[in-house]
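Notes follow the structure.
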Amino acid sequence: MRKYNSDAPGVKLRGRPKKESSDKRGRKVSVNFTEDEKRDVKAKASAAGISIAELLRISAFRLSIVERLTDFEREAIQELMYQGKNLNDQVKACQANAWPSTKRKAEACLDGILAILGKLKTQNSTLL
């Protein structure tokens, strides 16, 4: 069965049809890996059933980028490492003695701490 061009009657279609310009990818980006890194990326791609290029394309567009910690946040984390036990004891005392205003202040402080720690946890998990 012969296929004919609908635009030019009587002219037989030959070869592969042209791709739409929106489907073409015109730019190329290269990445250099060590042998171990390439082996890991290839294993992840094969486990997902896709090519390495498709895995990198998906990860480039679907991952969220987390900004670095500010100097203030870094200093706050360092202070928390030293003050963590004291803060925990204060919150326990507030809960045991039912001091509502002090308890609310401590909880607000802890919410701020958890926001900073959550930011650290997110940043570390995206780097792995």
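Residue 1227 in the numbering used here is what sits at position 106 of the sequence shown, and the numbering runs on without skipping anything.
Here a beta-carbon is modelled for each residue, glycine too, at the ideal position from N, C-alpha and C.
About 7 Å separates the CB atoms of Val1162 and Leu1176; that is less than 8 Å, so the two are in contact.
The beta-carbon separation of Glu1194 and Ile1237, rounded to 5 Å, stays under the 8 Å limit for a contact.
For Ile1173, the enclosing alpha helix (DSSP H) stretches over residues 1173 to 1183. Using a 10 angstroms sphere on the CB of Ala1217, the tally of other CB atoms stays under 16, which defines it as exposed.
In this structure, Ile1173 is the residue among Ile1173, Asn1209, Ala1219 with its C-alpha nearest to the C-alpha of Asn1153. Ala1227 is classed as buried because its beta carbon has at least 16 other beta carbons within 10 Å across all chains shown. Val1150 carries a coil assignment under DSSP once its states are collapsed to helix, strand and coil.
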